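Each residue of the sequence shown is one higher than the last, beginning at 243 in the working numbering. Beta carbons: idealized from backbone N, C-alpha and C, even for Gly. Source: prediction; values computed, not measured.
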Amino acid sequence: FDEVAYLLSNQQHRIRYSECVEAGSVIFPLSGVAFMIIDTMEFSDMREEAGVFEKIEKFLHVHRNSFLLLVASLYGEKEWKVLSTIQQRFLGSSLRILPVHNSTEITRSMTTIAQVTSKPSIDSVRDRISLARAHIIDQSPMWEVLRKMQFDCE
243 FDEVAYLLSN
253 QQHRIRYSEC
263 VEAGSVIFPL
273 SGVAFMIIDT
283 MEFSDMREEA
293 GVFEKIEKFL
303 HVHRNSFLLL
313 VASLYGEKEW
323 KVLSTIQQRF
333 LGSSLRILPV
343 HNSTEITRSM
353 TTIAQVTSKP
363 SIDSVRDRIS
373 LARAHIIDQS
383 PMWEVLRKMQ
393 FDCE
């Protein structure tokens, strides 16, 4: 987690720590996105697994827009099983799980999601989708066929 904090601060993100925030969590207040970073190694023992699930549940109840970044340097059979177990446990919840490999990938994922979900970016994307839809409708040969059919019926 220290390396992720270092990489984020190098990208000019302000890092603040709070006792209210679960350890291993990062919150981007402008976009309202929260991330929890968990290593697959935390699931090596059944006794620890229950504690990790509690931690994730608490995180999920506090943050509506939440992502779990599941870290493993290499995703083998064991790591995919951990991912599957988490998915099954939180099926139907708003938790989104991203498998990641290293701190650089964690940082890139977090900043991309936070940037895309920030208010100005969402408005911009919505406007571009609207323009694209209008363009597709105007340029679609199918609309021309439908217009001709409508005139033929009259």
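Are three or more beta carbon pairs between the stretch 339-359 and the stretch 301-321 nearer than 8 Å? Counting Cβ pairs under 8 Å, three or more are found: they touch.
Cutting at 7 Å between CB atoms, please list the residues of its own chain near residue 306, excluding the five before and the five after it. The residue labelled residue 306 in the question sits at position 64 within the sequence shown. If the five residues before and after residue 306 are omitted, its C-beta is found closer than 7 Å to the C-beta atoms of 336, all from its own chain and listed in chain order.
Take residue 268 as the anchor and find which of 385, 376, 310 and 373 has the nearest alpha-carbon. As a position in the sequence shown, residue 268 is number 26, starting the count at 1. Of 385, 376, 310 and 373, the residue nearest in Cα terms is 310.
Give a single yes or no on whether residue 335 has its beta carbon closer than 7 Å to a heavy atom of the ligand MG. Questions concerning the ligand MG fall outside what the structure shown contains, since it holds no ligand whatsoever.
Selected residue, minimal CA-CA separation from residue 274, among 357, 371 and 349: Numbered from 1 along the sequence shown, position 32 holds the residue referred to as residue 274. Checking every option, the nearest Cα to that of residue 274 belongs to 357.
Tell me the start and end of each unbroken beta strand (DSSP E) in the stretch 290-339 that is at least 3 residues and wholly inside, in chain order. 308-313
Rounded separation between residue 326 and residue 253 - CA only: Walking along the sequence shown from the start, residue 326 turns up at place 84. Walking along the sequence shown from the start, residue 253 turns up at place 11. One C-alpha to the other measures close to 33 Å.
Taking all protein chains shown into account, do 16 or more other C-beta atoms lie within 10 angstroms of the C-beta of residue 388, making it buried, or fewer, making it exposed? Here residue 388 corresponds to residue number 146 of the sequence shown, with the count starting at 1. Classification of residue 388: exposed, given that the 10 Å Cβ count is below 16.
Below 7 Å CB to CB, which residues in the same chain sit around residue 284 once its five sequence neighbours on both sides are set aside? Looking up residue 284 in the sequence shown gives position 42. Its chain contains 290 and 294 as the residues whose beta carbon lies nearer than 7 Å to that of residue 284, once the 5 sequence neighbours on both sides are disregarded; these appear in chain order.
At 4 residues or longer, and completely inside the stretch 338-388: list those alpha helix (DSSP H) runs for me, N to C. 345-359 and 361-381
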